[in-house]
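Report on the structure given below.
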Amino acid sequence: MHQKHILLGVSASISAYKAADLANELTKRGYAVDVLMTQNSTKFITPLTLQTLSKRPVHIDVMVEHRADLVNHIELAKQADLLLIAPATANIIGKLASGIADDMVTTVAMALKTDVPKLIAPAMNTYMYQNPVTQKNLVRLKEFGYKEIEPREALLACGDFGRGALATNATIIQAVEATLSQRSL
250 MHQKHILLGV SASISAYKAA DLANELTKRG YAVDVLMTQN STKFITPLTL QTLSKRPVHI
310 DVMVEHRADL VNHIELAKQA DLLLIAPATA NIIGKLASGI ADDMVTTVAM ALKTDVPKLI
370 APAMNTYMYQ NPVTQKNLVR LKEFGYKEIE PREALLACGD FGRGALATNA TIIQAVEATL
430 SQRSL
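Each residue of the sequence shown is one higher than the one before, starting from 250 at the first, in our numbering.
Put into structure tokens, the structure is as follows:
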């Protein structure tokens, strides 16, 4: 049996720091974890942190090709057993729902085969999460085969209390493992 390959997409949320523990725990469990970051997410957590914990290169710029004979974002998509975007901001959700592919996360997501499982873990302010546009975009993503790992209700970084906090890493990992085990049946 081959090593399962997870693409971990990180977008620009204060909860991006939790991606370090996710990458670390998934790697320890024997998964190959390739981290995809939006440019703005690098302002919350450094690529070096995620590279060190995943033991693999971190991918940020669609225009950077490591090998002349391969198109990086296509190769990453071909290797994927699962896409996990955690945290997923309203921005990244809106881009994916609209088919916009202008960063590493959205471009690789668009290049995935339709049968590759896609998990998305929103993290944002309560009012952003409840916004009808965000909710409509989440419904659209579900129509495209994405499964939402719902945010928690908590005191948020902005000081508001409500639904919008990133699901716990335990919940996210449980969803990853359940999805991968269903796929291998």
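The beta-carbon is built from N, C-alpha and C at its ideal position, and this holds for glycine as well.
Just to check my reading of the structure: residue i and residue j have Cβ atoms closer than 8 Å, yes? What is that Cβ distance to the nearest angstrom?
{"i": "Y395", "j": "K367", "result": "4 Å"}
{"i": "Q252", "j": "G279", "result": "7 Å"}
Whose C-alpha, out of the options, is nearest the C-alpha of residue i?
{"i": "D364", "options": "G348, A269, F393, I341", "result": "F393"}
{"i": "T298", "options": "K267, A346, V320, A358", "result": "K267"}
{"i": "T417", "options": "K253, I255, H254, A269", "result": "A269"}
{"i": "M359", "options": "Q384, T428, L325", "result": "L325"}
{"i": "T291", "options": "S260, A406, N380, P400", "result": "S260"}
{"i": "I342", "options": "S262, A427, R432, T428", "result": "S262"}
{"i": "D310", "options": "K304, R316, N321", "result": "N321"}
{"i": "R401", "options": "Q431, F293, Y378, L271", "result": "Y378"}
{"i": "K344", "options": "K385, Q423, E274", "result": "K385"}
What first and last residue would you give for the alpha helix (DSSP H) that runs through residue i?
{"i": "L429", "result": "418–432"}
{"i": "G343", "result": "339–347"}
{"i": "H254", "result": "Counting along the chain, H254 falls outside any alpha helix (DSSP H), though it belongs to the beta strand (DSSP E) covering 254–259."}
{"i": "E392", "result": "381–392"}
{"i": "D270", "result": "267–277"}
{"i": "V284", "result": "Note, V284: premise wrong, no alpha helix (DSSP H); beta strand (DSSP E) at 281–286."}
{"i": "L325", "result": "321–328"}
{"i": "A360", "result": "353–360"}
Does the distance from the CB of residue i to the CB of residue j come in under 8 Å?
{"i": "P371", "j": "A337", "result": "yes"}
{"i": "L331", "j": "V425", "result": "yes"}
{"i": "L256", "j": "D283", "result": "yes"}
{"i": "V357", "j": "I334", "result": "no"}
{"i": "I369", "j": "I398", "result": "yes"}
{"i": "T375", "j": "G413", "result": "yes"}
{"i": "A281", "j": "H308", "result": "no"}
{"i": "R389", "j": "A339", "result": "no"}
{"i": "L271", "j": "I421", "result": "yes"}
Taking all protein chains shown into account, do 16 or more other C-beta atoms lie within 10 angstroms of the C-beta of residue i, making it buried, or fewer, making it exposed?
{"i": "M373", "result": "buried"}
{"i": "S264", "result": "buried"}
{"i": "M286", "result": "buried"}
{"i": "L387", "result": "buried"}
{"i": "T383", "result": "buried"}
{"i": "A329", "result": "buried"}
{"i": "D351", "result": "exposed"}
{"i": "G348", "result": "exposed"}
Quick check on the DSSP output: the beta strand (DSSP E) that includes residue i runs from which residue to which?
{"i": "I294", "result": "No beta strand (DSSP E) holds I294; DSSP gives it neither H nor E."}
{"i": "L368", "result": "367–371"}
{"i": "K304", "result": "Looking at the DSSP string, K304 is not in any beta strand (DSSP E), and its letter there is neither H nor E."}
{"i": "E402", "result": "401–404"}
{"i": "A414", "result": "410–414"}
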